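Written below as structure tokens is the structure these notes are about.
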Amino acid sequence: MTPLGDAQSSATRDSGSMNKTDPHAKPILAVSHVNKTYGQGANRFEALKDISFTIREGESVAIVGKSGSGKSTLMHVLALLDAPDSGTIELEGVDTQSLKGAKLNRTRNKTFGFVFQQFFLTGNESVLDNVILPLKIAGVGRSSRRERGMAALEQLELDSKAKNKASALSGGQKQRAVIARALVNNPRIIFADEPTGNLDSATGAVVEDILFTLNRENGITLIVVTHDEELAARCDRRILIRDGEIVEDSAVAAQGVAA
């Protein structure tokens, strides 16, 4: 597909994702009566309360809410980074409670890509070495992982920086490297937690365009956790969470593309 790295005149923050999901698409994540509590006694805190919803393959979904609402906890549970106290999460029809140890790690590494507000790059390692880390964890051979890593960097127009140390990149370049790392294992789902929170508005708009292009053209399911309503408005769907409960789950009206 066309490289995604630089801003394009036709891609603006105003444009919708234009990826209205097929209502007959199969569910990729099904959440049923999920609860999550932290602490005990007087310190007990209900982070998630009886959460239920389904996300379909290829959908772009924004999970929005104020700080402390439970939105990041929900993302961690969906991404199998944490386990609910009760309820079920099915990934393509498989109850994730059956995934333990190495099998859980393999599933998470193979199926999910992650883009966080913090870059989590190893500064003294090369950009390429950072990008191919998921492949190294998966046991992919050196030659193959370097080839796939370079392909991901080329897609993000960052291949010229492959040998540079990650610490030498600008903020926007670092986030593009993070997206390349998220893509390198051909994930089914990308989780993006405040993906533009550390970027200026122009660079953030470019990163948004990249994520929505991947969703639209590659069919990757996109789950965005954000308090940014403009970013949420670009998704197919908006889930509002407050005090650990879903208070709204609605489709987002299609928006026109700026001329």
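Using the numbering used here, you'd call the opening residue of the sequence shown number 15 and step up by one each time.
Each residue gets a CB set at the ideal place from its N, CA and C atoms; glycine is no exception.
Just so we're clear, the structure is a prediction, and the values are computed from it rather than from any experiment.
Asked                                                                                                               : Found
Distance CB(residue 49)-CB(residue 100) smaller than 8 Å                                                            : yes
Sequence-distant residues of the same chain with beta carbon closer than 7 Å to residue 148, five excluded per side : 123, 195, 198 and 199
For residue 225 and residue 201, believed in contact at Cβ under 8 Å, the rounded distance                          : That belief does not hold up - the Cβ atoms of residue 201 and residue 225 are roughly 12 Å apart, past 8 Å.
Cβ-based neighbour list, residue 262, same chain, cut-off 6 Å, excluding 5 preceding and 5 following                : 254
Touching by the beta-carbon criterion (3+ pairs, under 8 Å), the region 38–48 and the region 103–115                : yes
Contact belief for residue 211 with residue 180 at Cβ below 8 Å, rounded distance in angstroms                      : Rounded, the Cβ-Cβ distance is 19 Å, inconsistent with contact.
Residue range of the unbroken alpha helix (DSSP H) whose run includes residue 50                                    : Segment 41–52 is the beta strand (DSSP E) holding residue 50; no alpha helix (DSSP H) there.
Candidates 131, 128 and 93: closest to residue 113 by CA position                                                   : 93
Touching by the beta-carbon criterion (3+ pairs, under 8 Å), the region 214–221 and the region 148–161              : no
Secondary structure of residue 139, DSSP reduced to three states                                                    : coil
Endpoints, beta strand (DSSP E) assigned at residue 264                                                             : 259–265
Nearest-angstrom Cα separation, counted from residue 186 out to residue 207                                         : 16 Å
Run of the alpha helix (DSSP H) containing residue 122, from where it starts to where it stops                      : 115–125
7 Å Cβ shell around residue 52 - same chain, five flanking residues per side excluded                               : 59 and 61
Distance between residue 56 and residue 191 (C-alpha atoms, nearest Å)                                              : 43 Å
Classification of residue 74 by the beta-carbon crowding that lies within 10 angstroms, buried from 16 upward       : buried
Element boundaries [alpha helix (DSSP H), containing residue 274]                                                   : Residue 274 is absent from the model: the chain starts at 15 and stops at 273.
Secondary structure of residue 210, DSSP reduced to three states                                                    : coil
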